[in-house]
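Residue numbers (the numbering used here), protein chains in the order written: chain A, 408 to 520; chain B, 11 to 121.
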Amino acid sequence: GNSVTQMEGPVTLSEEAFLTINCTYTATGYPSLFWYVQYPGEGLQLLLKATKADDKGSNKGFEATYRKETTSFHLEKGSVQVSDSAVYFCALSDVGDDYKLSFGAGTTVTVRA
Amino acid sequence: GAGVSQSPRYKVAKRGQDVALRCDPISGHVSLFWYQQALGQGPEFLTYFQNEAQLDKSGLPSDRFFAERPEGSVSTLKIQRTQQEDSAVYLCASSSKETQYFGPGTRLLVL
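Written as structure tokens, this is what we have:
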């Protein structure tokens, strides 16, 4: 079956620091990969996605590259802001599984001024 | 444009009570998903509709959970005889192809 493993948190950073959240996956088919973000008191929002190997998703300064050889989709941002404090979820969906999402456990990121 | 909406946003139920949670998907989205998110965890799949057809209900934890989407738009998740372990946030998502858009969730607390 499909599964996602992501770096455990919590992660605490200073403003302008570099952020990496590791994510690896197991899938039987050819999944699409996603990062969702949940800001305090808000619902899940799509941050970025990649639908095939070597694709790079990017949004709001965040990037992640779909690496089939290492089955990874690590999230990176070069200079975080306080407003990036949130819970980040890595997820995958597979056309062979009706596109239902399999999520990692989430990583809580706190950015301090 | 309007996103996915869910109601109620919060629900407190006494153990044994029945509850109904509503989801209004994005207009025109054929696919609709329900997920359960326990505190501190990622969402877990419950069930999936394509139009009015429930194509996958493999994630429903027991026969106390029932979902419907009779006209292929609004969906209702019903939990009968609620138990404390049902306390969670219930998320609805509708999708266009492989990308799912989530509602704000209903936070259910069973006392």
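Glycine residues also receive a C-beta, built at the ideal position from the N, C-alpha and C atoms.
No experiment lies behind these values; they were computed from the predicted model shown.
Let me check understanding here. Comparing Cα to Cα, which of the options lies closest to residue i?
i                : options                                   : result
ARG519 (chain A) : A:ASP501, A:SER410 and A:SER486           : A:SER486
LEU451 (chain A) : B:PRO114, B:GLU81, B:LEU119 and B:TRP44   : B:PRO114
THR427 (chain A) : A:GLY503, A:TYR495 and A:LYS507           : A:TYR495
ASP73 (chain B)  : B:SER83, B:PHE59, B:ALA12 and B:GLN90     : B:GLN90
LYS484 (chain A) : A:ALA471, A:THR477 and A:LYS475           : A:ALA471
THR412 (chain A) : A:TYR446, A:PHE441 and A:ASP461           : A:PHE441
LEU56 (chain B)  : A:LEU508, A:ALA512 and A:GLY468           : A:LEU508
HIS39 (chain B)  : B:ASP96, B:SER17 and B:THR109             : B:THR109
GLY82 (chain B)  : B:LYS107, B:LEU121, B:ALA23 and B:ILE36   : B:ILE36
TYR437 (chain A) : A:LYS475, A:PHE480 and A:THR517           : A:LYS475
SER492 (chain A) : A:SER410, A:ALA424 and A:GLY408           : A:ALA424
LEU499 (chain A) : A:VAL418, A:SER479, A:TYR446 and A:GLY468 : A:SER479
THR517 (chain A) : A:GLY503, A:ASP461 and A:GLN445           : A:GLN445
THR435 (chain A) : A:GLY511, A:ALA512, A:GLY503 and A:PHE510 : A:GLY503
SER421 (chain A) : A:GLN488, A:CYS497 and A:ALA512           : A:GLN488
Is it the case that the Cβ atoms of residue i and residue j are separated by a distance below 9 Å?
i                : j                : result
SER41 (chain B)  : ASP501 (chain A) : no
SER352 (chain A) : LEU455 (chain A) : Nothing about residue 352 (chain A) can be read from this structure; chain A reaches only from 408 to 520.
ALA77 (chain B)  : GLN93 (chain B)  : no
GLY8 (chain B)   : GLN51 (chain B)  : Since the displayed chain B opens at 11 and closes at 121, residue 8 (chain B) lies outside it and no answer follows.
GLY448 (chain A) : THR515 (chain A) : no
LEU118 (chain B) : ALA98 (chain B)  : yes
LYS459 (chain A) : SER439 (chain A) : yes
ARG19 (chain B)  : THR86 (chain B)  : no
LEU121 (chain B) : VAL22 (chain B)  : yes
Going by DSSP, name the residue or residues bridged to residue i.
i                : result
ALA457 (chain A) : A:LEU440
GLU54 (chain B)  : B:GLN46
PHE469 (chain A) : A:ASN466 and A:LYS484
ALA98 (chain B)  : B:LEU118
PHE433 (chain A) : Sequence inspection shows Thr at residue 433 (chain A); the Phe mentioned does not correspond to that position. THR433 (chain A) is bridged to A:SER410.
GLN445 (chain A) : A:LEU451 and A:VAL494
SER68 (chain B)  : In DSSP, SER68 (chain B) forms no bridge with anything.
SER83 (chain B)  : Its beta-bridge partners do not exist; DSSP assigns none.
ASP34 (chain B)  : B:SER15
THR475 (chain A) : One point to set straight first is that residue 475 (chain A) is Lys, not Thr, in the sequence displayed. According to DSSP, which records beta bridges pairwise, LYS475 (chain A) is partnered with nothing at all.
GLN110 (chain B) : B:SER105
ARG519 (chain A) : A:SER421
GLU415 (chain A) : Paired residues: none, contrary to the question.
Any C-beta of chain C sitting closer than 9 Å to the C-beta of residue i?
i                : result
GLY436 (chain A) : Included in the structure are the protein chains A and B, with no chain C among them.
So is residue i in contact with chain B if we call contact Cβ pairs under 9 Å?
i                : result
THR433 (chain A) : no
THR458 (chain A) : yes
SER524 (chain A) : With chain A covering only 408 through 520, there is no way to say anything about residue 524 (chain A).
SER509 (chain A) : yes
TYR443 (chain A) : yes
VAL502 (chain A) : yes
Between residue i and chain A, is there a C-beta pair that is closer than 9 Å?
i                : result
ASP28 (chain B)  : no
GLN60 (chain B)  : yes
LYS67 (chain B)  : no
TYR100 (chain B) : no
PHE76 (chain B)  : no
PRO114 (chain B) : yes
PRO35 (chain B)  : no
GLN110 (chain B) : yes
GLN51 (chain B)  : yes
THR95 (chain B)  : The residue asked about is misnamed: residue 95 (chain B) is Glu in this sequence, not Thr. Chain A contact via Cβ: absent.
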